[in-house]
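**Student:** Structure below; questions to follow.
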Amino acid sequence: TAIRANYDAPRLRRLDAAHHIHPFSNATQVVAEGGGKLFAHADGIYIYDTDNKRYLDGMAGLWCVNVGYGREELVEAAARQMRELPYYSSFFGGTTPPTVELAAKLTELLGHGLNHVLFANSGSEANDTVVRLVRHFWNLEGKPKKKAFIARRHAYHGSTMAAASLGNWGTMHEQADLPLPGFHHVEAPYWYAEGGDKDPESFGIACAKAIEAKILELGADNVAAVIGEPVQGAGGVIVPPKSYWPEVERICRKHDVLLIADEVICGFGRTGAWFGFETLGFKPDIVSMAKGLSSGYQPISAVAVTDRIAKPLIDAGYWLHGFTYSGHPVAAAVALKNIEIMEREHLVQKVAKETGPYFAQRLKTLEKNPIVGEVRTLGLLGGIELVADKKTRKRFEPLGHAGTVCRERCLANGLIMRASFETMVLSPPLTITKAQIDELVTLAGRALDETA
Ligand code: PLP
2 TAIRANYDAP
12 RLRRLDAAHH
22 IHPFSNATQV
32 VAEGGGKLFA
42 HADGIYIYDT
52 DNKRYLDGMA
62 GLWCVNVGYG
72 REELVEAAAR
82 QMRELPYYSS
92 FFGGTTPPTV
102 ELAAKLTELL
112 GHGLNHVLFA
122 NSGSEANDTV
132 VRLVRHFWNL
142 EGKPKKKAFI
152 ARRHAYHGST
162 MAAASLGNWG
172 TMHEQADLPL
182 PGFHHVEAPY
192 WYAEGGDKDP
202 ESFGIACAKA
212 IEAKILELGA
222 DNVAAVIGEP
232 VQGAGGVIVP
242 PKSYWPEVER
252 ICRKHDVLLI
262 ADEVICGFGR
272 TGAWFGFETL
282 GFKPDIVSMA
292 KGLSSGYQPI
302 SAVAVTDRIA
312 KPLIDAGYWL
322 HGFTYSGHPV
332 AAAVALKNIE
342 IMEREHLVQK
352 VAKETGPYFA
362 QRLKTLEKNP
372 IVGEVRTLGL
382 LGGIELVADK
392 KTRKRFEPLG
402 HAGTVCRERC
412 LANGLIMRAS
422 FETMVLSPPL
432 TITKAQIDEL
442 VTLAGRALDE
452 TA
């Protein structure tokens, strides 16, 4: 049984307002409300605040607690590794047993010649690593002009300077004078909002062709790589038409441009396969991973690359990149145990065959609600797009307000469902049962009714 500490919530909230600047939060509001929302403990798919109010966590934390809360095995894996060797560096040729085991395990799960792994601590660091790695690679290949990155609108790849440049959120860019030079963005395959009168599959092809047009505009000799989340998560669970990714892959191969899959959300079972690229039918040269890699129990991320990319790097000797905690043994031990749990409980297969299809069918019923324009799902990813007018797909004004109201109605009803722009997004733990999916949909329906 979990230890339930007796927190002095009023004191903690006071200190929070006084001293803690929250990431991606309205700081004015946090201070005005006398501190942030305090969560104290969790079990399975439920999380509890300091008043012991229960919430169904429809977001698995921040798209990450794939095996659910309260996993004693992960606690034990961390404790065992801390006792044995809490830290050693992977710099200067060092390594530790769990670091090695995890690298090998990831290459086994990934397949497709993605045989080499680098470690970092967060999705942002993984994607920053990707940018440095790709630039180094093309220099080594004797093509130093190949430096430009092409990403998509609505993308989120992280918060550091290069990762945020790959992303495409206006305010993030404005607040830090981004993107950095050499980062370009093209249409995303967001059919519901931007597809016009095209059918989804031809819209998918048109969006892939937008990437080719950008490659031709910049000159293929200047383009290093294309990066994308298989399904754009934080941008609003934008599930691409089936035609999209195979065509993007074909275009990248044709112009010798590397293809990077950001699997930070889609990886580790979320879409009903170990990786989103399998579900969506393409083979990347580089894969970034985080979140579900350790189910959020420890901060760890990874970048996998094919032999083609690893070989020149290895042949070149020193590459001056990495972090003190790259391949951290405790985080690696937890990630390994997390993968073991996922395999033992057949979580990926469950999402593909059982809970994913049920989630799709049940969530779709919410399209009856007058403010729901479209419900999108893939595996256990869900998006509920809010509109003021279903026929014209006109959005609510001011933009984002309906989502904020809906998120608050969810909290009041005991559900954590996040608002991403005009879309309510869901990403529950992969352990969620059919009965719990029913509960989630009931609570979401209630919150939508109260928002309408
Ligand atoms: N890439 C994607 C697709 C993400 O969704 C996120 C975070 O939500 C990141 C990268 C950044 O990961 P982190 O917050 O661990 O830096």
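For UniProt numbering, add 1 to where a residue sits in the sequence shown, where the first one is 1. Glycine included, C-beta positions come from ideal geometry on N, C-alpha and C.
1. In or out: Asn-339 buried (at least 16 other Cβ within 10 Å) or exposed?
2. At 4 residues or longer, what runs of the alpha helix (DSSP H) sit wholly inside the region 65-105?
3. What whole-angstrom Cβ distance do Pro-429 and Ala-61 have, given they're in contact under 8 Å?
4. Using DSSP with H/G/I as helix, E/B as strand and the rest coil, what is Ala-152?
5. Pick helix, strand or coil for Leu-179, following the three-state DSSP scheme.
6. My assumption, with CB atoms under 8 Å, is that Thr-161 sits in contact with Ser-125. Please give the rounded CB distance.
7. With DSSP as the reference, label Thr-434 as helix, strand or coil.
8. Bridge partners for Ser-160 per DSSP, in chain order?
9. Considering Val-265, what are the terminal residues of the alpha helix (DSSP H) in which it resides?
10. What does the Cβ neighbour count give for Pro-231, buried or exposed, with the cut at 16 atoms within 10 Å?
11. Give the single residue among Gly-293, Cys-253 and Asp-257 whose Cα lies nearest to the Cα of Phe-283.
12. Pick helix, strand or coil for Gln-30, following the three-state DSSP scheme.
13. Would DSSP call Ile-372 helix, strand or coil?
14. State whether the region 295-305 contacts the region 270-282, with contact taken as three or more CB pairs (one from each stretch) at a distance under 8 Å.
15. For Ser-296, verify whether its CB is less than 7 Å away from any heavy atom of ligand 3.
16. What do you get for Thr-432, buried or exposed, if any count of 16 or more other CB atoms within 10 angstroms of its CB means buried?
17. Any heavy atom of ligand 1 closer than 7 Å to the CB of Asn-67?
18. May I have the straight-line CA-CA distance separating Pro-330 from Asn-116, to the nearest angstrom?
19. Taking the alpha carbon of Ala-353 as the reference point, which residue from Glu-218, Thr-272 and Lys-215 has its own alpha carbon closest?
20. Using C-beta distances below 6 Å, list every residue in its chain close to Glu-264, excluding the 5 sequence neighbours before and after it, in chain order.
21. Please classify Phe-324 as buried or exposed, where buried requires at least 16 other C-beta atoms within 10 Å of its C-beta.
22. Under 7 Å from any heavy atom of ligand 1, does the C-beta of Tyr-157 make it?
23. So, for Thr-2: in the same chain, excluding its five sequence neighbours on each side, which residues have a beta-carbon less than 8 Å away from its beta-carbon?
24. Could you compute how far the alpha carbon of Pro-242 sits from the alpha carbon of Val-224?
25. Residues in its own chain within less than 8 Å of Gly-415 by CB, not counting five upstream and five downstream?
26. Does the Cβ of Asn-169 have 16 or more other Cβ atoms within 10 Å, making it buried, or fewer, making it exposed?
27. Provide the residue(s) that pair with Val-442 in DSSP beta bridges, ordered along the chain.
28. For Thr-366, count neighbouring C-beta atoms within 10 Å of its own C-beta (all shown protein chains included) and say buried if the count is 16 or more, exposed if not.
29. Give me, in chain order, the residues of the same chain whose beta-carbon lies closer than 7 Å to that of Lys-292; leave out the 5 immediate sequence neighbours on both sides.
30. Determine the contact status of Lys-435 and Thr-356, defining contact as a CB-CB distance below 8 Å.
31. May I ask which residues mark the beginning and end of the alpha helix (DSSP H) holding Ser-125?
32. Check the C-beta distance from Val-258 over to Thr-130 and give it rounded, since I have them as a contact under 8 Å.
33. Nearest to residue 487 by alpha carbon, out of His-186, Arg-133 and Pro-180?
34. Taking the CB atoms as reference points, tell me whether Pro-190 and Gly-205 lie closer together than 8 Å.
35. Helix, strand or coil: which one does DSSP assign to Glu-451?
36. Within 7 Å: the Cβ of Ser-123 and any heavy atom of ligand 1?
**Tutor:** Here's the rundown:
1. For the purposes of this step, residue 339 is taken as the residue at position 338 of the sequence shown. Buried is the call here.
2. 73-85
3. Position 428 of the sequence shown holds residue 429. Position 60 of the sequence shown holds residue 61. The C-beta separation of Pro-429 from Ala-61 comes to about 6 Å, placing the pair in contact by the 8 Å criterion.
4. Residue mapping note: residue 152 aligns to position 151 of the sequence shown, counting from 1. For Ala-152, the secondary structure class from DSSP, reduced to helix, strand or coil, is strand.
5. As a first step, residue 179 is located in the sequence shown; it is residue number 178 there, counting from the start. Coil, per DSSP.
6. Taking the sequence shown and counting its residues from 1, the one referred to as residue 161 is at position 160. Taking the sequence shown and counting its residues from 1, the one referred to as residue 125 is at position 124. Correct: roughly 4 Å between the Cβ atoms.
7. Along the sequence shown, read from residue 1 onward, the residue named residue 434 stands at position 433. Coil.
8. As a position in the sequence shown, residue 160 is number 159, starting the count at 1. In the DSSP output, where bridge partners are listed per residue, Ser-160 has none listed.
9. Along the sequence shown, one-based indexing puts residue 265 at 264. Neither: Val-265 is in no alpha helix (DSSP H) and is coded neither H nor E.
10. Within the sequence shown, the letter at position 230 stands for residue 231. Buried, because 16 or more other Cβ atoms sit within 10 Å of the Cβ of Pro-231.
11. Locating residue 283 in the sequence shown gives position 282, counting from the first residue. Taking only the C-alpha atoms, the option nearest Phe-283 is Cys-253.
12. Residue numbering aside, residue 30 sits at position 29 when the sequence shown is read from its first letter. In the displayed model, Gln-30 falls within a helix according to three-state DSSP.
13. Here residue 372 refers to the residue found at position 371 when the sequence shown is read from its first residue. Note: Ile-372 maps to coil in three-state DSSP.
14. no
15. Ligands displayed in this structure: ligand 1; ligand 3 is not among them.
16. For the purposes of this step, residue 432 is taken as residue 431 along the sequence shown, with counting starting at 1. With 16 or more other Cβ atoms from the protein chains shown falling within 10 Å of its own Cβ, Thr-432 counts as buried.
17. Taking the first residue of the sequence shown as position 1, residue 67 is located at position 66. No; taking the cut-off as 7 Å, the Cβ of Asn-67 has no heavy atom of ligand 1 nearer than that.
18. Indexing the sequence shown from 1 puts residue 330 at position 329. Indexing the sequence shown from 1 puts residue 116 at position 115. So the alpha carbons of these two residues sit roughly 20 Å apart.
19. Along the sequence shown, one-based indexing puts residue 353 at 352. The shortest C-alpha separation from Ala-353 is found at Thr-272.
20. As a position in the sequence shown, residue 264 is number 263, starting the count at 1. Result list for Glu-264: Phe-276, Gly-277, Val-288 and Met-290, in chain order.
21. Looking up residue 324 in the sequence shown gives position 323. Phe-324 is buried by the Cβ-count criterion.
22. One-based indexing of the sequence shown puts residue 157 at position 156. Yes, Cβ of Tyr-157 sits closer than 7 Å to a heavy atom of ligand 1.
23. Residue numbering aside, residue 2 sits at position 1 when the sequence shown is read from its first letter. Caution is warranted here: a pLDDT of 41 is assigned to Thr-2, below 50, making its placement in the model unreliable, and no coordinate value can be reported.
24. Stepping through the sequence shown from its first residue, residue 242 is reached at position 241. Stepping through the sequence shown from its first residue, residue 224 is reached at position 223. Going by the C-alpha atoms only, they are around 25 Å apart.
25. The residue labelled residue 415 in the question sits at position 414 within the sequence shown. Excluding residues within five positions, the ones whose Cβ falls inside 8 Å are Lys-54, Arg-55, Tyr-56, Leu-57 and Leu-444.
26. If you number the sequence shown from 1, residue 169 lands on position 168. Result: buried.
27. The sequence position of residue 442 within the sequence shown is 441, counting from 1. Looking at the DSSP assignment, Val-442 forms no beta bridge with any residue, so it has no partner.
28. For the purposes of this step, residue 366 is identified with residue 365 of the sequence shown, where counting begins at 1. By the beta-carbon neighbour count (other beta carbons within 10 angstroms, threshold 16), Thr-366 is exposed.
29. Against the sequence shown, residue 292 aligns to sequence position 291. Residues Trp-64, Cys-65, Gly-124, Val-265 and Ile-266 of the same chain have their beta carbon placed closer than 7 Å to that of Lys-292, with the five preceding and five following residues left out of the count.
30. Counting from 1 along the sequence shown, the entry for residue 435 is found at position 434. Counting from 1 along the sequence shown, the entry for residue 356 is found at position 355. Contact: yes.
31. For the purposes of this step, residue 125 is taken as the residue at position 124 of the sequence shown. Note, Ser-125: alpha helix (DSSP H), 124-141.
32. Indexing the sequence shown from 1 puts residue 258 at position 257. Indexing the sequence shown from 1 puts residue 130 at position 129. Contact doesn't hold; Cβ gap of about 19 Å is too wide.
33. In the structure as shown, the chain starts at 2 and stops at 453, and residue 487 therefore has no counterpart that could be examined.
34. Locating residue 190 in the sequence shown gives position 189, where the first residue counts as 1. Locating residue 205 in the sequence shown gives position 204, where the first residue counts as 1. Taking 8 Å as the Cβ cut-off, Pro-190 and Gly-205 qualify as a contacting pair.
35. Reading the sequence shown from its first residue, position 450 is the one you call residue 451. For Glu-451, the three-state secondary structure derived from DSSP is helix.
36. As a working mapping, residue 123 is identified with position 122 in the sequence shown. Yes - ligand 1 has a heavy atom lying nearer than 7 Å to the Cβ of Ser-123.
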